[in-house]
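Peer 1: Using our numbering, you'd call the opening residue of the sequence shown number 81 and step up by one each time.
Cβ coordinates follow ideal geometry from the N, Cα and C atoms, glycine included.
Remember, predicted model here, so these are calculated numbers, not experimental data.
Before anything else, here's the structure in question.
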Amino acid sequence: LKKHGEVVRSTMLSLAKRDYPGLLGGQIDFTVMFIPIESVAAAAFEARPDLQQEAIDHAILIVTPVTLIALLRTVGLYWRQEKLAKNAQEIWKAARLLHERIQKFQVHLGKAARGLEGAVKEFNAAMASYEARVLPQGRRIEQLAGIEAGAALPEPNRIETQLREVSGSEPESD
């Protein structure tokens, strides 16, 4: 029994020397040493009660079929949690990027709104000048020259398109 414990310990130390965690850049914490028969592992632990702790100290997990299943389930759970965390991080990055783009869009929209406001003011000033100065003078010339009503000065084009107001509320879903 003592010889068996030494063989298992020797195998464990051999695995530890391979330094699989180091080869993988520290992405894993332990190397798994699988013993396929529960009683064989139990005999090794009986012969060397400190074997499990020594293995852990060397970053080796000695597992049997029962403990391997538990380990695999734990690793699976960890991977799912890691995937969820990465997904949440991607969502956070996308949300931050969207927020930055909305801010930039607001700057551009503000410039466009100021430009439109200026254009509307200029258009209104032009229409006021036309109605107050140009049109009366044109009608006076028409009267003096005897121009018929059909050949009168045309009305200026009107702007029929209205600017869309931003309500700030959520759109209704169908």
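State the Cα-Cα distance for the pair Ala-127 and Met-92, rounded to the nearest angstrom.
Peer 2: Position 47 of the sequence shown, counting from 1, holds the residue named residue 127. Position 12 of the sequence shown, counting from 1, holds the residue named residue 92. Straight-line Cα distance between these residues: approximately 15 Å.
Peer 1: Leaving out the 5 sequence neighbours to the left and right, which residues in its chain are closer than 6 Å to Ser-82 when beta-carbon positions are compared?
Peer 2: In the sequence shown, the residue the question calls residue 82 occupies position 2. According to the sequence displayed, residue 82 carries Lys and not Ser. So the list reads Ala-127, once near-sequence residues are dropped.
Peer 1: Measuring only the C-alpha atoms, how far is Leu-95 from Ala-135?
Peer 2: On the sequence shown, position 15 is the one that residue 95 refers to. On the sequence shown, position 55 is the one that residue 135 refers to. Their Cα atoms are separated by approximately 10 Å.
Peer 1: When the Cα of Ala-124 is compared with those of Arg-160, Thr-144, Ala-168, which residue comes out closest?
Peer 2: The sequence position of residue 124 within the sequence shown is 44, counting from 1. The shortest Cα separation from Ala-124 among Arg-160, Thr-144, Ala-168 belongs to Thr-144.
Peer 1: Count the other C-beta atoms from every protein chain shown that fall within 10 angstroms of the C-beta of Thr-241, then say buried if there are 16 or more, exposed otherwise.
Peer 2: Along the sequence shown, read from residue 1 onward, the residue named residue 241 stands at position 161. Exposed is the call here.
Peer 1: With a threshold of 7 Å on Cβ separation, who are the neighbours of Pro-236 within its own chain once the five nearest residues in sequence on each side are excluded?
Peer 2: As a first step, residue 236 must be located in the sequence shown, where it is residue number 156. Closer than 7 Å at the Cβ level, and outside the excluded window around Pro-236, lie Met-207, Tyr-210.
Peer 1: Give me the DSSP bridge partner(s) of Thr-111.
Peer 2: Taking the first residue of the sequence shown as 1, we reach residue 111 at position 31. DSSP lists Ile-140 as partners of Thr-111.
Peer 1: Going along the chain, which residues of its own chain have a beta-carbon closer than 6 Å to the beta-carbon of Tyr-100, five neighbours each way excluded?
Peer 2: Numbered from its first residue, the sequence shown carries residue 100 at position 20. The residues are Thr-111.
Peer 1: Which residue spans inside the region 179 to 203 form an unbroken beta strand (DSSP E) run of at least 3?
Peer 2: DSSP runs (the beta strand (DSSP E)) wholly in the region 179 to 203: none.
Peer 1: Can you tell which of Lys-184, Val-87, Gly-198 has its C-alpha closest to the C-alpha of Val-120?
Peer 2: On the sequence shown, residue 120 is found 40 positions in, with the first residue counted as 1. Measuring from the Cα of Val-120, the nearest candidate turns out to be Val-87.
Peer 1: Where do the ends of the alpha helix (DSSP H) carrying Gly-85 lie?
Peer 2: On the sequence shown, residue 85 is found 5 positions in, with the first residue counted as 1. Here the alpha helix (DSSP H) through Gly-85 covers 82 to 98.
Peer 1: Compute the distance between the beta-carbons of Ile-142 and Ile-117, then report whether it is under 9 Å.
Peer 2: Indexing the sequence shown from 1 puts residue 142 at position 62. Indexing the sequence shown from 1 puts residue 117 at position 37. For Ile-142 and Ile-117, no; Cβs fall outside 9 Å.
Peer 1: For Leu-196, does the count of other Cβ atoms within 10 angstroms reach 16, so buried, or fall short, so exposed?
Peer 2: Numbered from its first residue, the sequence shown carries residue 196 at position 116. Exposed is the call here.
Peer 1: Can you give me the C-alpha to C-alpha distance between Glu-180 and Gly-105, rounded to a whole angstrom?
Peer 2: Translated into positions along the sequence shown, residue 180 becomes position 100. Translated into positions along the sequence shown, residue 105 becomes position 25. Roughly 36 Å between the two C-alpha positions.
Peer 1: How many Å lie between Gln-107 and Leu-164 at the Cα?
Peer 2: Here residue 107 is taken as the residue at index 27 of the sequence shown, counted from 1. Here residue 164 is taken as the residue at index 84 of the sequence shown, counted from 1. Distance between the alpha carbons of Gln-107 and Leu-164: 18 Å.
Peer 1: Give the straight-line distance between the Cα atoms of Ser-90 and Ala-150, rounded to the nearest whole angstrom.
Peer 2: Within the sequence shown, numbered from 1, the residue matching residue 90 stands at position 10. Within the sequence shown, numbered from 1, the residue matching residue 150 stands at position 70. The straight-line gap from Cα to Cα measures roughly 25 Å.
Peer 1: Give the secondary structure of Ser-209 by DSSP, where H, G and I count as helix, E and B as strand, and everything else as coil.
Peer 2: The count along the sequence shown starts at 1 and reaches residue 209 at position 129. In this structure, Ser-209 counts as helix in the three-state DSSP scheme.
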